[in-house]
Each structure stands twice: as C-alpha cells, then as structure tokens.
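Read through the structure below, which is laid out as structure tokens, and then see the notes.
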Amino acid sequence: GAGVSQSPSNKVTEKGKDVELRCDPISGHTALYWYRQSLGQGLEFLIYFQGNSAPDKSGLPSDRFSAERTGGSVSTLTIQRTQQEDSAVYLCASSTTSGRNEQFFGPGTRLTVL
Amino acid sequence: AQTVTQSQPEMSVQEAETVTLSCTYDTSESDYYLFWYKQPPSRQMILVIRQEAYKQQNATENRFSVNFQKAAKSFSLKISDSQLGDAAMYFCAYNFGNEKLTFGTGTRLTIIP
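Residue numbers (my numbering), protein chains in the order written: chain H, 321 to 434; chain L, 212 to 324.
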C-alpha cells in the first residue's frame, strides 16, 4: 500500500510569507506526527495527533506555527510570517496506534526561507 | 526531560567489516522503547531495529543487532558485513508515554569499498 506522502517536496519562500505543508498519512493510521530537521541536527518533535484527542502541541517553537488534522486523516502544518530560522526539512510520520509501534515517515518537505 | 546522545558525528567502515554506532540516553522511566532509524540521502527515515526496555534480550534484525545495557542507559547498534547500501545517517531514538520520538543528533556512516 501507499506510504506517507508529503507535499510539496521543496518550498522556497520569502521572509514574512505564510506557508502550508501537507501530510497524507497511511490509511487507517490514527496517530500523526510532525518533526523538524534543521541542517546538521537531529529531528525535533513539533506536534502529535492521536484520533479525536486534543493534539500535543508541546513542541511547536512559536505561535507562528500551527497544525490541523481534518477528518482524522490529512494534516496541514502552517507557518505564518516565515523567518530564515524556519528553514529546515519538515517530516511527517504516522503509526497505527501508539508510537510504541513503528512510526512510518514521509519523504519530507524542504523549506527554504530567503 | 529525556535526552538522547550520539557522540560519533561520523563513522566509516570497510565494506564487509563490522561497525558499532553508540547511543546513550537519559530517562527516569523503566518501561520505554528505543529505536535506530536510517536516513539515506533520499531523506526517507527507515526503521532499522527496535528494542523494548522490559525485554532483556537484545534485538536482532538480520545483519543489524543492538547491545542494550539498561542500567548504563546505553543502546549501541552493530552492523555486520557492512554493505554499500548501509551508507546513511543513523539516528537513535527514545519513546515513552506521549508517544513522540526523541532523537539523537545522528551518526553519518560511510562505507569504504
């Protein structure tokens, strides 16, 4: 079956613009995660959705970052008024129940803020 | 807070040889999960191996095995018979409770033909 997909693959934007990154999880996966990977760094947790529960937003770095998950499936990560430090690869992952099962990752979106 | 440390930014190994990647972590929990993920240049994160902390037996997946030392909070990855396709970034990760993964900063593995 299809894996986790993300779009766009690459995004170049100007400082101050808003961007939206999309994630399509594996069908039937109830848990969805967003991570950020800055150049030369490990992965940093951003936000976690599990079913109909309130999302865990504890990793969002500022109020310019938000995410939603519609119908328990597709998720959109929005970054408002982008800054150069937002440049990174944004990775989405999904899993069947809890994260104690394998998290399946998408190919990521590389965001470049000029 | 849980932390994961990978002290080897880069490692290299001759093809067909064995290499060990180090990982230590800090937690006050007793029941948790540890993972090694591989990230090739394609950016796709791929699960290599998983260890459940309550299991004393070290996990093994074909050429990949771990040395899990719970008391020392150490979780190293051994790759046997290294192949060119093993070249990638390797990330150690920890998971407990709220399900997010906490990652180390990674080790870049180069395979020398």
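By construction, the Cβ of each residue, glycine as well, lies at the ideal position given by its N, Cα and C atoms.
Keep in mind the model is a prediction, meaning the values are calculated, not measured.
Under the three-state reduction of DSSP, Leu352(H) is assigned to strand. Separation of Glu226(L) and Asp297(L) (C-alpha to C-alpha, rounded to the nearest whole angstrom) is 10 angstroms. Scanning its chain for C-beta atoms nearer than 8 angstroms, with the 5 sequence neighbours on each side dropped, one finds around Thr214(L) the residues Tyr236, Asp237, Thr313, in chain order. Secondary structure note for Arg342(H): its beta strand (DSSP E) is the uninterrupted segment 339-344. When C-beta distances to chain H are compared with 9 angstroms, the residues of the segment 250-272 of chain L below that value are Gln250, Ser253, Arg254, Gln255, Met256, Ile257, Leu258, Arg261, Glu263, in chain order. Per the Cβ contact rule, the segment 274-287 of chain L is not in contact with the segment 403-420 of chain H (fewer than 3 Cβ pairs under 8 angstroms). Residues are counted here when their Cβ sits less than 8 angstroms from a Cβ of chain L; for the segment 389-411 of chain H these are Val409, Leu411, given in chain order. Any Cβ of chain H closer than 9 angstroms to the Cβ of Phe286(L) would place that residue at the interface, and such an atom is absent.
Taking the beta carbon of Ala351(H) as reference, the chain L residues within 7 angstroms of it are Glu310, listed in sequence order. Counting only the Cα atoms, Glu221(L) lies some 20 angstroms from Asn278(L). By the rule that beta-carbons nearer than 9 angstroms mark a contact, Leu341(H) does not touch chain L.
Ala299(L) has its alpha-carbon roughly 23 angstroms from the corresponding atom of Pro328(H). Using a Cβ-Cβ cut-off of 8 angstroms, Phe302(L) is close to Gly362, Leu363 of chain H, given in chain order.
Here the alpha carbons of Ser347(H) and Val339(H) stand approximately 25 angstroms from one another. The beta carbons of Leu397(H) and Met256(L) sit about 17 angstroms from each other, so the pair does not count as a contact at 8 angstroms. The straight-line gap separating the alpha-carbon atoms of Arg274(L) and Gly336(H) is approximately 48 angstroms. Within its own chain, the residues whose Cβ lies closer than 7 angstroms to the Cβ of Ile367(H), once the five positions on either side in sequence are excluded, are Trp354, Pro375, Asp376, Lys377, Gly379, Leu380, Ala387, listed in chain order. Sequence-distant Cβ neighbours of Gln219(L) in its own chain, meaning closer than 8 angstroms and more than five residues away, are Leu232, Ser233, Thr318.
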